[in-house]
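So in the working numbering, spot 213 of the sequence shown is number 215, and the numbers just go up one at a time.
Beta carbons: idealized from backbone N, C-alpha and C, even for Gly.
All values derive from a computational prediction rather than experimental measurement.
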Amino acid sequence: METKTTNTNEHLNSICTKAEDGQLVCSLISPEDLTCQIEQEKAALPPEATYEQKAFAVIEKLYPDIPASVLELSLKPQRQITVEIPLEMDDGQIRSFTGYRIQFNNRRGPYKGGLRFHPQVDLEEATTLARLMAQKTALVNIPFGGGKGGIAVDPRKLSKRELQQLTRNFVNAIASEIGPQKDIPAPDVNTTPEIMGWIFDQYSKLNGESPAVVTGKPEGLFGSKGRPEATGRGVMYTTREAAKNMGLELKGAKVIVQGFGNVGYYAAKLLAEECGATIVGLSTSAGGVYNLDGLDVEAAQTFYKAHGSLNGFTGSQPLTNEELLTSACDILIPAALGKAITAAIAEKIQAKLVVEGANDCTVPEADEILNKRGIVVVPDILANSGGVIVSYFEWTQNLGNFYWTLDEVRTSLERIIIAAYGNVDALSKRANVSRRLASYVIAHERIARATMARGIC
Ligand code: NAD
């Protein structure tokens, strides 16, 4: 027996059940009853169920025309590429580094996602992050799939020549697998616009001038205006929307930002400058600084550039990263690496709102705890989607060879990310699920429908 649910108006949903003889029997159902049915589906799952399993249980209730087998397809990477990259070091020795490119899903468009240069990069981490990219591009409804990759290397231990040669050798190894309509890399942890410029140049040497093969390039080299600030700006827009929904006054709200790189710096700066928030805590891998009266973001940035950490920053109290995450504030923005919010930390977080700048930064047990404690979470695939949205603008500009003003970039980013936030908020209220679950439901419904529309299933 098959069940179909449609939203008839804001008060009632219609549930249609297909009887054995094929007849559709429809009845109206209140939001409370729909919530109850979804709760029963979720309760039937084991406690360790993944976000995707929980989302699939909701999709089964809301959209029974999508077969479970099609949903399952979106959980497996389509291709995982591992390459060994030889590099001649400055002292003449030859070393080899391992590089990865995961092409997770391209049902909705070319694979899209960053390249990370970090010693902890491995197949498992890259695959998790590639899946998040497929979900993110679907959630914000831009015409891409998901990919991710990188090199297991500490770039700080390489000279500039070594770093450039390693990047070019990596491009040589994966050149046949990437391309403007195939797979489009972008920056991520420790990969800069300059590195994206080298990728563009190397790929173009092999395939002819191809600016659209990579995004996040320098502005003077086919990059888009507004790309460096894009992820932080998206974090600011989603924080603003969530605060508005919660009735939390952003002017004067106390904000802690963990991680003071590209995402953390711009999120802190824009929340302070454009929303009047007070940034009370900041951190880098070397530790955090805190001052309940507020920190000067620009002065902190100047200090960080000069000293390589925030340790000793004037007018602040030093804290460990764990202490920082659990210090007094209204809003917490993790913007460093994954798995920062563990169950133990989630129990002690004092913020009312957590906006996930970093990917995969909250472990599932911690997410449950935050939900139970009534702390609102704007999930990574929504909160940090500003980067890939502006990457989409860059790709569009490269293909059309027509360049936008900064104002056009910002206005379009705001429109797309606020629309996505609105969809998540509406579904979260309609089905009485967390914003994270609502985000996964929207993303997987779109991926599944594209898969079916292609005639794959
Ligand atoms: P980045 O390399 O510019 O900065 C990372 C920052 O985090 C640095 O300040 C570093 O010192 C700090 N850090 C590292 N380990 C830490 C720890 N244990 N505790 C506290 N701070 C720590 O990286 P980024 O581009 O800002 O990316 C940050 C996160 O945002 C990553 O999870 C990345 O995947 C995600 N993200 C980035 C973008 C983007 O456009 N850059 C887009 C989407 C998601």
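**OP:** Please name the residue or residues paired with Ala57 in a DSSP beta bridge.
**Re:** Position 55 of the sequence shown holds residue 57. Beta-bridge pairing links Ala57 to no other residue.
**OP:** Give me the Cα-Cα distance between Asn143 and Gln137, rounded to the nearest whole angstrom.
**Re:** What you label residue 143 is simply residue 141 of the sequence shown in a count that begins at 1. What you label residue 137 is simply residue 135 of the sequence shown in a count that begins at 1. The alpha-carbon separation between Asn143 and Gln137 amounts to approximately 10 Å.
Original post:
Which partner residues does Pro79 have in the DSSP bridge list?
Top reply: Position 77 of the sequence shown holds residue 79. The partner list for Pro79 (beta bridge, DSSP) is empty, contrary to what the question assumes.
Original post:
Tyr53 to Arg438, Cα distance in whole Å?
Top reply: For this step, residue 53 is matched to residue 51 along the sequence shown. For this step, residue 438 is matched to residue 436 along the sequence shown. The straight-line gap from Cα to Cα measures roughly 8 Å.
Original post:
Should Leu284 be labelled buried (16 or more other beta-carbon atoms within 10 Å of its own) or exposed?
Top reply: Translated into the one-based positions of the sequence shown, residue 284 becomes position 282. By the Cβ-count criterion, Leu284 is buried, with 16 or more other Cβ atoms from all chains shown falling within 10 Å of its own Cβ.
**OP:** Go through its chain and collect everything with a Cβ distance to Ile371's Cβ below 8 Å, but skip five positions before and after it.
**Re:** What you label residue 371 is simply residue 369 of the sequence shown in a count that begins at 1. Here the set comprises Ala345, Ala348, Glu349.
Original post:
Helix or strand or just coil, what does DSSP make of Glu90?
Top reply: Counting from 1 along the sequence shown, the entry for residue 90 is found at position 88. Three-state DSSP puts Glu90 in a strand.
**OP:** For the alpha helix (DSSP H) holding Pro195, just list the boundary residues, first then last.
**Re:** Counting from 1 along the sequence shown, the entry for residue 195 is found at position 193. Note, Pro195: alpha helix (DSSP H), 195-209.
**OP:** Using beta-carbon positions only, say whether Leu326 and Gly290 come within less than 8 Å of one another.
**Re:** Locating residue 326 in the sequence shown gives position 324, where the first residue counts as 1. Locating residue 290 in the sequence shown gives position 288, where the first residue counts as 1. A contact, by the Cβ cut-off of 8 Å.
Original post:
Which residues share a DSSP beta bridge with Ser107?
Top reply: Position 105 of the sequence shown, counted from the first residue, corresponds to residue 107. Before going on, a small fix: residue 107 reads as Asn here, not Ser. Paired residue(s): Gly148.
Original post:
For Thr241 versus Val357, is the C-beta distance shorter than 8 Å?
Top reply: Translated into positions along the sequence shown, residue 241 becomes position 239. Translated into positions along the sequence shown, residue 357 becomes position 355. Yes.
Subject >> C-beta atoms of Arg229 and Gln204 nearer than 8 Å >> reply: Looking up residue 229 in the sequence shown gives position 227. Looking up residue 204 in the sequence shown gives position 202. The Cβ atoms of Arg229 and Gln204 do not sit closer than 8 Å to each other.
**OP:** Would you tell me roughly how many angstroms separate the C-alpha atoms of Ala57 and Lys184, rounded to the nearest one?
**Re:** Here the question's residue 57 lines up with position 55 in the sequence shown. Here the question's residue 184 lines up with position 182 in the sequence shown. Looking at the two C-alpha atoms, the distance is approximately 28 Å.
Original post:
Can you find at least 3 beta carbon pairs, one from the segment 64-79 and one from the segment 158-165, that sit closer than 8 Å?
Top reply: The segment 64-79 vs the segment 158-165: no contact.
**OP:** State the Cα-Cα distance for the pair Asp362 and Tyr113, rounded to the nearest angstrom.
**Re:** Taking the first residue of the sequence shown as 1, we reach residue 362 at position 360. Taking the first residue of the sequence shown as 1, we reach residue 113 at position 111. So the alpha carbons of these two residues sit roughly 19 Å apart.
**OP:** Keeping to the same chain, check which residues put their C-beta closer than 8 Å to that of Ile96; ignore five residues upstream and five downstream.
**Re:** Mapped onto the sequence shown, residue 96 falls at position 94. Apart from the 5 residues on each side of it in sequence, Ile96 sits with its Cβ closer than 8 Å to the Cβ of Pro88, Leu89, Glu90 in its chain, given in chain order.
Subject >> Inter-residue spacing [alpha-carbon to alpha-carbon] between Asp93 and Glu126 >> reply: Residue 93 sits at position 91 when you count from the first residue of the sequence shown. Residue 126 sits at position 124 when you count from the first residue of the sequence shown. Cα to Cα, Asp93 sits roughly 32 Å from Glu126.
**OP:** Go ahead and pull the three-state DSSP assignment for Gly289.
**Re:** Here the question's residue 289 lines up with position 287 in the sequence shown. Under the three-state reduction of DSSP output, Gly289 falls in the strand class.
Original post:
Counting pairs of beta carbons, one from the segment 172-190 and one from the segment 422-429, are three or more of them closer than 8 Å?
Top reply: Contact fails: fewer than three Cβ-Cβ distances are below 8 Å.
Original post:
Mind checking whether the beta-carbon of Asp190 lies closer than 7 Å to any heavy atom of the ligand NAD?
Top reply: In the sequence shown, residue 190 corresponds to position 188, counting from 1. Judged by the Cβ position, Asp190 qualifies as a neighbour of the ligand NAD at the 7 Å threshold, a heavy atom of the ligand being closer than this.
**OP:** Taking all protein chains shown into account, decide if Ala269 is buried (16 or more other Cβ within 10 angstroms of its Cβ) or exposed.
**Re:** Sequence index remark: in the sequence shown, residue 269 carries index 267 (1-based). So Ala269 ends up on the buried side.
**OP:** Drop a sphere of 10 angstroms on the beta-carbon of Met248, count the other beta-carbons inside from all chains shown, and report buried for 16 or more, exposed for fewer.
**Re:** To locate residue 248, count along the sequence shown from 1; it is residue 246. With fewer than 16 Cβ atoms within 10 Å of its Cβ, Met248 is classed as exposed.
**OP:** Could you pull out every residue in the same chain whose Cβ sits closer than 7 Å to the Cβ of Glu367, ignoring the five residues on either side in sequence?
**Re:** For the purposes of this step, residue 367 is taken as residue 365 along the sequence shown, with counting starting at 1. Answer for Glu367: Ala345, listed in chain order.
Original post:
In or out: Gly254 buried (at least 16 other Cβ within 10 Å) or exposed?
Top reply: Within the sequence shown, the letter at position 252 stands for residue 254. By the neighbour-count criterion, in which 16 or more other beta carbons inside 10 Å mark a residue as buried, Gly254 falls on the exposed side.
Original post:
Should Phe146 and Tyr405 be called a contact, given that it needs their Cβ atoms to be closer than 8 Å?
Top reply: Translated into positions along the sequence shown, residue 146 becomes position 144. Translated into positions along the sequence shown, residue 405 becomes position 403. Against a cut-off of 8 Å, the Cβ pair of Tyr405 and Phe146 comes out as no contact.
Original post:
What is the DSSP secondary structure of Lys227, reduced to helix, strand or coil?
Top reply: Locating residue 227 in the sequence shown gives position 225, counting from the first residue. DSSP places Lys227 in coil when its eight states are reduced to three.
Original post:
Looking at Ala132 and Val392, is the spacing between their C-beta atoms short of 8 Å?
Top reply: Counted from its first residue, the sequence shown places residue 392 at position 390. Counted from its first residue, the sequence shown places residue 132 at position 130. Ala132 sits away from Val392, with the two beta carbons spaced by 8 Å or more.
Subject >> Neighbourhood of Leu273 by C-beta, 6 Å cutoff - its chain only, sequence neighbours within 5 removed >> reply: On the sequence shown, position 271 is the one that residue 273 refers to. These residues qualify, in order along the chain: Met238, Val257, Ala279.
Original post:
Where does Tyr102 sit, in a helix, a strand or coil, going by DSSP?
Top reply: As a position in the sequence shown, residue 102 is number 100, starting the count at 1. Looking at Tyr102 - three-state DSSP - the assignment turns out to be strand.
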